[in-house]
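Taking our numbering, the leading residue of the sequence shown gets 12, the next gets one more, and so forth.
All residues carry an ideal CB built from backbone N, CA and C; glycine is no exception.
Predicted model, so just to flag it, every value in this text is computed and none were measured.
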Amino acid sequence: MKYIIAIIKPHKLEPVRDALAEVGINGMTVSEVQGYGRQRGQREIYRGAEYEVHFLPKIKIEVAVDDDVGDQVLEILQEAAKTGQIGDGKIFVLDINQVVRIRTGETGIEAL
Numbered sequence: 012m013k014y015i016i017a018i019i020k021p022h023k024l025e026p027v028r029d030a031l032a033e034v035g036i037n038g039m040t041v042s043e044v045q046g047y048g049r050q051r052g053q054r055e056i057y058r059g060a061e062y063e064v065h066f067l068p069k070i071k072i073e074v075a076v077d078d079d080v081g082d083q084v085l086e087i088l089q090e091a092a093k094t095g096q097i098g099d100g101k102i103f104v105l106d107i108n109q110v111v112r113i114r115t116g117e118t119g120i121e122a123l
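Structure below.
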């Protein structure tokens, strides 16, 4: 099993959700987060005054999937979240050793 974490631009959430739903990925956790990467924020002008924004708003998507669809989900995330601009985000893929559904006690892939 794989645990995939994607940090994306906020306006890309719906296209990503729709693309994942098309291949049967319906469960995910979404959080509003802030951060920066190589660009270290950005400069903006507000009412004629220039100021620097250090932390940019992002969306963090977390999804657990079977190994069989892990690569497909990675490609879908990459394609759906891409704008071609700086700050498109990152995708992290981690291995999952165990999953337990609290309500039923199911484990492994059945718990997803």
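Exposure of V44 is indicated by the presence of fewer than 16 other C-beta atoms within 10 angstroms of its C-beta. Contact annotation: A30 and A91 have beta-carbon atoms nearer than 8 Å.
Taking the Cα positions, I36 is about 40 Å away from I56. Annotation for I18: the continuous beta strand (DSSP E) segment containing it runs K13 to I19.
Judged by DSSP secondary structure, V84 falls outside any beta strand (DSSP E) and instead within the alpha helix (DSSP H) spanning D78 to A92.
Going by beta carbons, P68 and P21 fall inside the 8 Å limit. Rounded to whole angstroms, the separation of the alpha carbons of E63 and V111 is 44 Å. K23 places its beta carbon 8 Å or farther from that of G81. Counting only the Cα atoms, A122 lies some 9 Å from I113.
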